[in-house]
Amino acid sequence: MFYPAECRIYRRVTIRKERLLPRQGQVLVKPGELVSAEDLIGRCHPQPRWHLVDVARQLGLSPEDAEKALQKHPGDIVEKGEFLAVSKGGLALFRRVCKAPATGMVAAYQAGRLLIEEQGESQDVRALVRGRVVHVRPGMGVVMEVRGAYLRGAWGAGPSSYGVLKVLVDTPATPLLIKDIDIGAHGAVIVAGWCADGDVLRQAEQVQARGIILGSLDVSLRPLAEKLAIPVVITEGFGGIPMNPEAFDLLRNHHGRDVTIFTDGGELGPEVFLPDSLDEPPPPPEKPAPLKVGQKVRIIGYPRLGAVGHIVEVLSTPRRVEAGVLYEGVMVELDHHETVFVPWMNVEPIGPRASS
Amino acid sequence: MSDSGLLSSILAVDCGNLFTRATLLDVVDGQFRLLGQGRVLSTHRPPAAHIMPGVVASTAQLEAIVGRDLIDKQGMLLMPERESGQGVDTCVVSVSAGAPLRVFLAGLAHDVSLASARRALASCPAVLVDTLSLEDRLDQPEGMIRLLERLDQAKADVLVLVGGVDGGASRRMLDTAGALALAYQVRPEDARPLVVYAGDAALQEQVRAILGELCQVRVVDNVRPALDVENTAPLSQALQRLYMEVRAEQVPGFETLCSWSHAEPLLASQAMRYTLGYLSARYGLKAVALQVGAGQSAVYWASGGQHDLVMRPQWGLKHGPAVAAQRGMDMLRRWIPEPPEPDEAWEMLYNLSLYPSAVPGSARELRLMHALTRELTAALLEDARPAFPQDKDRLPNSWDLIILSGAVFENTAAPGQAALMMLDALQPAGISTVVVDTLSLATAAGTIATVEPLAAAHLLERDAFLGLGTIIAPYGQGKKGSTALRLRVRYEDGRSLDVEVGSGTIEVIPLGLGQKARLEIRPARGFDLGWKGRKAVVEVDGGTLGIVVDARGRPLPLEASPAELQARVQQWHWQIGA
Chain A
-8 MFYPAECRIY
2 RRVTIRKERL
12 LPRQGQVLVK
22 PGELVSAEDL
32 IGRCHPQPRW
42 HLVDVARQLG
52 LSPEDAEKAL
62 QKHPGDIVEK
72 GEFLAVSKGG
82 LALFRRVCKA
92 PATGMVAAYQ
102 AGRLLIEEQG
112 ESQDVRALVR
122 GRVVHVRPGM
132 GVVMEVRGAY
142 LRGAWGAGPS
152 SYGVLKVLVD
162 TPATPLLIKD
172 IDIGAHGAVI
182 VAGWCADGDV
192 LRQAEQVQAR
202 GIILGSLDVS
212 LRPLAEKLAI
222 PVVITEGFGG
232 IPMNPEAFDL
242 LRNHHGRDVT
252 IFTDGGELGP
262 EVFLPDSLDE
272 PPPPPEKPAP
282 LKVGQKVRII
292 GYPRLGAVGH
302 IVEVLSTPRR
312 VEAGVLYEGV
322 MVELDHHETV
332 FVPWMNVEPI
342 GPRASS
Chain B
104 MSDSGLLSSI
114 LAVDCGNLFT
124 RATLLDVVDG
134 QFRLLGQGRV
144 LSTHRPPAAH
154 IMPGVVASTA
164 QLEAIVGRDL
174 IDKQGMLLMP
184 ERESGQGVDT
194 CVVSVSAGAP
204 LRVFLAGLAH
214 DVSLASARRA
224 LASCPAVLVD
234 TLSLEDRLDQ
244 PEGMIRLLER
254 LDQAKADVLV
264 LVGGVDGGAS
274 RRMLDTAGAL
284 ALAYQVRPED
294 ARPLVVYAGD
304 AALQEQVRAI
314 LGELCQVRVV
324 DNVRPALDVE
334 NTAPLSQALQ
344 RLYMEVRAEQ
354 VPGFETLCSW
364 SHAEPLLASQ
374 AMRYTLGYLS
384 ARYGLKAVAL
394 QVGAGQSAVY
404 WASGGQHDLV
414 MRPQWGLKHG
424 PAVAAQRGMD
434 MLRRWIPEPP
444 EPDEAWEMLY
454 NLSLYPSAVP
464 GSARELRLMH
474 ALTRELTAAL
484 LEDARPAFPQ
494 DKDRLPNSWD
504 LIILSGAVFE
514 NTAAPGQAAL
524 MMLDALQPAG
534 ISTVVVDTLS
544 LATAAGTIAT
554 VEPLAAAHLL
564 ERDAFLGLGT
574 IIAPYGQGKK
584 GSTALRLRVR
594 YEDGRSLDVE
604 VGSGTIEVIP
614 LGLGQKARLE
624 IRPARGFDLG
634 WKGRKAVVEV
644 DGGTLGIVVD
654 ARGRPLPLEA
664 SPAELQARVQ
674 QWHWQIGA
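First to last, the protein sequences are chains A and B. Residue numbers for the first sequence, in this note's numbering: -8 to 347. Residue numbers for the second sequence, in this note's numbering: 104 to 681.
Here it is in C-alpha cells:
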C-alpha cells in the first residue's frame, strides 16, 4: 500500500516548467506562443552598481538640513559630476557641493544619505527549451508547457543549458574516457555510463560541450563538476554506478535530437527535457498511487542502486534485508531475471503505472 | 461522538518533510486507543507540489487498515462521525513540511542581543542566513553597499532586528534601522523581508516610523531587556507564528488542510514539546527526547514545569556530507567497528542525501547512518546542554525518561543499536527509562491534546512508546578490569540474579517488555548513581532490550589510538548486541 511520490523517468509526458528571470525585468512573450530553446523570452535588469553618498557628512550638515539642501531626489536621473546637494547661505564662493559619483538614478534617501543606482547592460533570457508559453508572470517570467520525454537526475551542477544529444558509449556501464571527447562534442550534450577522471570533464568543457549526462560520478570529482562552466547531471548517484537501463535507453533513442538540462531544481535534482513535436498532448505526471504487480521500477537504495526491474509480488509480511532490519516491500524481477526483495522505500516507479 | 457528547474518534494528520501520517484514535472499552496509521511520502514538492495528495493518500491507506470510510469521493473529510461509524468526530493537524524560515539577523553586539536572538531562533524551524552587527560599519559606504548585496543573496523570509537594553542608548539602534530603511527602499516591495523588532522597547515606535512604510513590521518584547536578563520566548513565538503564515502562502494545499482541522494547526516541534511538558508535569519526570529526521533534528527537554527545545533545520540524515564536513569524517568513522575508507564513506553519505526516503539495505550503510546519527545528535546536544535544567540533587545529565524519535531509532536490526546510538551521543548518567517513539505518536499526542487532553494521555500511556528498557549508567571512571557495580536483580516471579559489571563495559540483563524487577545496586569506589556512591534499591521496567548497565564511565573514554578505539567500539557493539 506504499505510495511513492515521484517518478523520475517519463517516455511521453506534458510537463509545466517555470522559467523565471534572474532579476525583475520584462517578459517578451505572450501566452500561447511557441518558442524554441534559443528564443528570447525576457530581458532583465542586471545587478546594479550602487554608490552611497553621505550628503550630510560631505556638507557638514545635520540629516534634516541635508535634506533641505538636496537638488536631486529619489527617482531623478543624474549625470556623473552633477550636483546632488548644495549647502545654502554665506558667500557663493564658500558654498559646499555634493556631486554625483556616477551616472545613474537616485534610488533612495534616508537620514542624510543618498543611494545612486548605476545600471549596466540588460541581460537577455532565453527559453532554453522548446515548448509553449502557457502563463506569463509580468516582470518575473513565464510558465512553459513542454511535451516529450523527461527525466530527473539525482544530482546536478553548473548552469542550465541546451544542445544536441550525443550518446558516446554503447552500454550504460561504459565509462566516459578522454578519447571519446573530440571536436564532435562541441555544442553537444554528451552521455555516458559514468566517469572517474577529472581530465575528461575538463576536456568536455574545453571543446565547449553543452553538458554531460552520466549515470554516476566518482565522489572526488564533485568539487570539479561544481566549478565547470557546463552542466553535469548524474542519474544514479556517486561512485561507479552504471546509468539505469531505462534512462540510458531513453537517451539513446533521442541521440541527435534536442535536449535541455535545467539545474535550477535545488535538492529535487536537475531536469532533462527531450522535447518532441507531438500533436496529441501526452498526459501530465501521475499522481501518487499504490504500486502494483507489473509496475516497472527503479531501485534507489543500496546494494542495487540504479537497477531496473518490475514488481512480481507485493509481500504481505516484512522481510529482513542484509542490514538485518525488517521492512515491508516487494519482490522485483530485475532486467537480468534475478528476483530480489526490495523495501517499499527503495523503489521508485518508472511511468506509466501498471493498470492491473 | 460518544453518548456523553464528548469526542470519540480523532484523526491526527502530520505533514512532515518526508512523510505524511494519518493516525486514528477511537474509544475502546472506555479508553482512547490507537486504531491505525497511514503513512506515505509527503507531496508538497514537485511533481505534485501540493500537500493534499499526500494527506488524502495517507488517509486512504488508513481507511484500508481500519476498514472505515474517512473521506468522501471528493476527497473531503467525513466529519463528524456518522451513525454508521464512518468518518471522524474531529481532526487535528501538525506540520513541519516546507523549507525552514530564512532569517536575516540584524543587531548591535554579537555577544549580547544577537546572542539572545540566536538562542530564540534555536527553538524555531528557522535557518540563520546572515547576521549584521556594529562591526559591519553601515555608516561607511562600503558597509552599506555590502548590505545591499547581502540582502540580495540572503533571500530572507524575515529580518529580525534586535539591540539595546530597554531605555538604553538609542542612536546606534536607530542608525541600524535607518540603514535598513535605505536598503529596503531600493528593493522591490515583494523582496523586502518582513521585520520583527525585538530590541529596546523604548524605540518601538521610532523603528515603526522608520521602517513601517516600507514593509510589515511586527514588534515583540526585547530579547535582552537588561544586560543580565534574557527574554527569548516572545521572539520565538513570533517566528513560529510567522513560519506557519509564510508556509501557508508557499505550500499549496495548506489552506485546505487547515480547513480539516478543528484546532489551529501546530508546528510538529511545538506538539512534541507539549507532549514532553505533559509527561514531565503529569509524572514528575525529568525527560529528554532526541529526534532525528531526514531533514532536521531536535532535542526536547522538560523538568519541573519548564520545557524547551533546540532544533536544527537542515541538519538531518540527508545532510550527512555537511555533518561529516563540520564534525570531521574521522569523528563519524570512529563509531564504526570496521569503518569504510573515507572515500567510500563520503560516497555513501552523498548518495544517502540524494535519496532521503531510501532505507539502508546493507550493513555497512546502516552502520554509517548510525554513526551519522551519533555525531549530528552530539552536535545538537552541544547547543542544548547549556540550557538543560540543573538540579543540585541529581547527577549531571541524568534523566528519568529518554525518548528516541525518528525512523533511525525505529528501524534497527536489534534494539541494542538504538540504545547504543543514544548512549554514545547523549551519555546520560544515573537511571533512565528509554523508549522509542514508534510511528511518531508523541507528536500526534501533542496535537491531539489541543482538542482532547484525555485522548492524548491515553495514547501516551498505552500506545505511543515501545520500551527498550532501563539504562543504569554510573557517573565516574574506573580502572580497566576493576568492578564498577554489583547488582542483585529480583524478578517478579521470585528469581534473583547477581551481576558484577566491570569498569569500561556494557552489560545487558534480561527483563522483558511489560516486566518489572527490583534492583539492589552497589556502585564501586569511583562510581556514583546519584546517591553519593551508596547502595540503593530501585524498581525498574523491562523492554525489548532489558536492563542495560553502561559502566564505560562518563565522559566516554574515546581518547585512544584508532586501532584501540576501533577494538573498544567493537566490544561495545557486541556487549549490547548491536
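Yeah, the Cβ is synthetic: ideal placement off N, Cα and C, and Gly gets one too. These numbers were taken from a predicted model, which means no experiment stands behind them.
Please tell me whether residue i has its Cβ less than 8 Å away from any Cβ of chain B.
i      : result
A:I291 : yes
A:L43  : yes
A:E55  : no
A:K322 : Reading off the sequence shown, one finds Met at residue 322 of chain A, where the question assumed Lys. Closer than 8 Å: no.
A:A76  : no
A:G202 : no
A:V125 : no
A:Y153 : no
A:A238 : no
A:R104 : yes
A:P294 : yes
A:A195 : no
A:S211 : yes
Can you tell me which of the three DSSP states residue i falls into?
i      : result
B:M524 : helix
B:S406 : strand
B:S501 : strand
B:W418 : coil
B:E227 : Checking the displayed sequence, the identity of residue 227 of chain B turns out to be Cys instead of Glu. Note: B:C227 maps to coil in three-state DSSP.
B:H153 : coil
B:T335 : coil
B:L668 : helix
A:G71  : Correcting the residue identity first, residue 71 of chain A is Lys in this sequence and not Gly. Of the three classes helix, strand and coil, the one that applies to A:K71 here is coil, per DSSP.
B:Q678 : helix
B:M472 : helix
B:R136 : strand
Would you mind stating whether residue i and residue j have Cβ atoms separated by less than 8 Å?
i      : j      : result
A:I252 : A:V224 : yes
A:Y153 : A:A238 : no
A:V316 : B:L469 : yes
B:A93  : B:L484 : With chain B running from 104 to 681 in the structure shown, residue 93 of chain B is simply not present.
A:H36  : A:Q15  : yes
B:I575 : B:V537 : no
B:G68  : B:N120 : This structure gives no information on residue 68 of chain B, because the portion of chain B shown stretches from 104 to 681.
B:R49  : B:A482 : No answer is possible for residue 49 of chain B: the residues shown for chain B start at 104 and end at 681.
Which residues does DSSP pair with residue i in a beta bridge?
i      : result
B:Y300 : B:L264 and B:V322
A:P266 : A:G139
A:R10  : A:V133
A:H301 : A:K287 and A:E324
B:F491 : None, per the DSSP bridge assignment.
B:P234 : Pro is not the amino acid found at residue 234 of chain B; the sequence shown has Thr there. According to DSSP, which records beta bridges pairwise, B:T234 is partnered with B:L208.
At the 8 Å Cβ level, is residue i part of the contact set with chain A, yes or no?
i      : result
B:V554 : no
B:P149 : yes
B:S460 : yes
B:T515 : yes
B:L469 : yes
B:A125 : no
B:A284 : yes
B:Q140 : no
B:G201 : no
B:R248 : Sequence check: residue 248 of chain B is Ile here, not Arg. Yes, contact with chain A.
Please compile the residues from chain A whose C-beta is within a distance smaller than 8 Å of the C-beta of residue i.
i      : result
B:W634 : In chain order: nothing, as chain A lies at least about 39 Å away.
So with CB distances below 7 Å, who are the chain B contacts of residue i?
i      : result
A:W185 : Neighbours of A:W185 on chain B: none; closest Cβ ~12 Å, over 7 Å.
A:N337 : A461, V462 and G464
Chain A partners of residue i, CB-CB under 9 Å?
i      : result
B:L235 : Going along chain A, no residue has its Cβ under 9 Å from B:L235, so there is no contact; the nearest lies around 16 Å.
What residues from chain B crowd round residue i, counting only those whose CB sits closer than 8 Å?
i      : result
A:G230 : E450 and N454
Below 7 Å on C-beta distance, what does residue i contact in chain A?
i      : result
B:L457 : A145, W146 and G228
Residues of chain B with CB under 9 Å from residue i, in chain order?
i      : result
A:E304 : None at all; the shortest Cβ gap to chain B is about 18 Å.
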